[in-house]
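Peer 1: Okay, handing you the structure first.
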Amino acid sequence: MLEIKVEKSFQKDIQRDKKSGKYKDEEFDELKSIIQKLQNNEEIDKKYKRHPLKGTMLELESIHIKNDWLLIFAIEGTFLTLIMLGKHTQVYKKYK
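Just so you know, we're using this note's numbering here: the sequence shown kicks off at -14 and counts up by one.
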């Protein structure tokens, strides 16, 4: 089982998305379930489009919780680091 590290940016993103009212409790439950699967090294359903990122985000991976709601994370050694959560435009503008 991987140890979870949470970046401040991820904490802020969670608060922003909960406050916005755009996402239902079920979607946050789905996010939690995906994080647990990552933590336990379980297979992630293909519908979530897990893939490595390119360019300046080379060591990171992405999972599509919803079509335009992404979880950005990294797995290094025994750590799962939760980095960002948000729409494509929110996530990728931070790395331009």
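Ideal placement from N, C-alpha and C gives every residue a C-beta, glycine not left out.
Predicted, not measured: the structure shown is a model, and the values here were computed from it.
Who does L16 pair with in a DSSP beta bridge?
Peer 2: Answer is none; L16 lacks a bridge partner.
Peer 1: So if DSSP puts E46 in a beta bridge, which residue, or which two residues, is it bridged to?
Peer 2: Per DSSP, P37, F58.
Peer 1: What's the C-alpha gap between I19 and E28?
Peer 2: Cα-Cα distance, rounded: 10 Å.
Peer 1: Can you tell me whether V76 is buried or exposed? The criterion is at least 16 other CB atoms within 10 Å of its CB, across all chains shown.
Peer 2: Buried is the call here.
Peer 1: Which residues in the same chain as I(-11) place their Cβ atom closer than 7 Å to its Cβ, once the five residues preceding and following it in sequence are excluded?
Peer 2: Closer than 7 Å at the Cβ level, and outside the excluded window around I(-11), lie Q24, L65, L67.
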